[in-house]
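Going letter by letter, the sequence shown gives residues -16 to 298 in my numbering. Note sheet for the following structure.
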Amino acid sequence: MKLLSIIRGDKGFTLVELAIVLVIIGMLIGVGTGMMGPLVKASKYNETKETVNAALSGMIGFGTTSNRIPSTTEFPSTVRTPRDSWNNSLYYIPDANLVNTTAGGICGRKTTNISIVLCPDPGCTTPTSTIPNIAFAVISGAGNFNIQTGNTGGSVRVYNPDLPGIDNYAGDMTRLETYDDIVKWMTLDELRIRSGCIGAQLKIINNELPSGTSGNAYSASVFPDGGAAYTAGGKYRWCVQGSLPAGLSLSPNTTSVNCSGLGEGSWGQSDTLALSGTPTSSGSFNLSIFARDNNDSGGSNDNMAQKSLVITVNP
């Protein structure tokens, strides 16, 4: 009988050999099962990194056509996938001044109110570095289903991977655990370049002033472009260095020997700078015209443009 032949070892496996084979198969299955969890986790982690990177690309495309970044409500429809591989929503932190073009937009602004702080310890007492002027950040809570990266007063703390005892975001569960967030961000300078912004944020577009004739009425305007305009009282501030021809005046009428050192509050405010009057003497008059915007409403870090122009008054 065949069965008896196998048991006796005639041209087949012995029971001992069969047992060894079964043990080896069991070990392989056990090893494979043990590896499945880490492999699945690694796969989801890599997929989510790609999702977050794709979100950054979507932001660039939005900025190129709109000169701004999307609001938090626009974000899900702007990016390719608004959820990570664990089906949790991505957390989006935008700079508020870049969400609308009235505050200057991407091409008009010089600074933002968000910084990334790289933290090697839970209390972030000794930051590795601080990266200023962040346009936006995109975050996944990753495998622990817990976003641990928050925005506190414009400071976004990003911790070293696998650092224990971290939870710096109050928007979901509060649970101190090993840090595994996936965080990507973009600075304003990088976003300006990728969005196609050309030249300085604020410019004076005049290349020359019209000439005049002594004894005849004269009128000219200087025009700015870009920057973060004021919303009331005139879009820009103005200051002029140099001597005007006798008989001409400025509006707003602010002159100084050092405009760049003059306090912002002393600059005249208007949409454009107007020069008008009736010159009474001929000659060439060199003017250095300065314009500044409202990029830093609480300080002095505004965009500033300067252009050297000449008024020629003929006899």
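Beta carbons: idealized from backbone N, C-alpha and C, even for Gly.
Residue 290 and residue 189 do touch by the CB rule: their CB atoms are close to 7 Å apart, below 8 Å. With a minimum length of 4 residues, the unbroken runs of alpha helix (DSSP H) contained wholly in the stretch 165 to 210 fall at 171 to 177. Per DSSP, reduced to three states, the secondary structure at residue 135 is strand. Judged by DSSP secondary structure, residue 255 falls outside any alpha helix (DSSP H); it is assigned neither H nor E. Pairwise C-beta distances place the stretch 198 to 216 in contact with the stretch 251 to 266, as three or more of them are shorter than 8 Å. In the DSSP assignment, residue 60 falls within the unbroken alpha helix (DSSP H) covering 58 to 61. Beta bridge pairing from DSSP links residue 232 with 259. Cβ-Cβ separation between residue 130 and residue 164: approximately 7 Å, consistent with a contact (criterion under 8 Å). Among the bridge pairs identified by DSSP, residue 101 is matched with 112 and 141. Under the three-state reduction of DSSP output, residue 213 falls in the coil class, being neither helix nor strand. When DSSP states are grouped into helix, strand and coil, residue 223 belongs to the strand group. Taking C-beta atoms as the reference points, residue 117 and residue 99 count as a pair closer than 8 Å. Residue 274 places its beta carbon 8 Å or farther from that of residue 181. Between residue 50 and residue 90, the beta carbon gap of about 6 Å places them in contact (Cβ cut-off 8 Å). When the beta-carbon positions are compared, residue 292 and residue 270 come within less than 8 Å of each other.
Taken through DSSP and simplified to helix, strand or coil, residue 125 comes out as helix. Per DSSP, the beta-bridge partners of residue 271 are 224 and 291.
Per DSSP, the continuous beta strand (DSSP E) segment holding residue 76 begins and ends at 74 to 77. Residue 240 counts as exposed, since fewer than 16 other C-beta atoms from the protein chains shown sit within 10 angstroms of its C-beta. Between residue 257 and residue 204, the gap from beta carbon to beta carbon is short of 8 Å.
By the CB criterion at 8 Å, residue 80 and residue 87 fall inside the cutoff. DSSP, read as helix, strand or coil, puts residue 266 in strand. Around the beta-carbon of residue 4, fewer than 16 other beta-carbon atoms lie within 10 Å, marking it exposed. A contact between stretches requires three or more CB pairs, one per stretch, nearer than 8 Å, and the stretch 31 to 40 meets this requirement with the stretch 164 to 173.
For the 8 Å CB-CB criterion, residue 153 and residue 133 form a contact.
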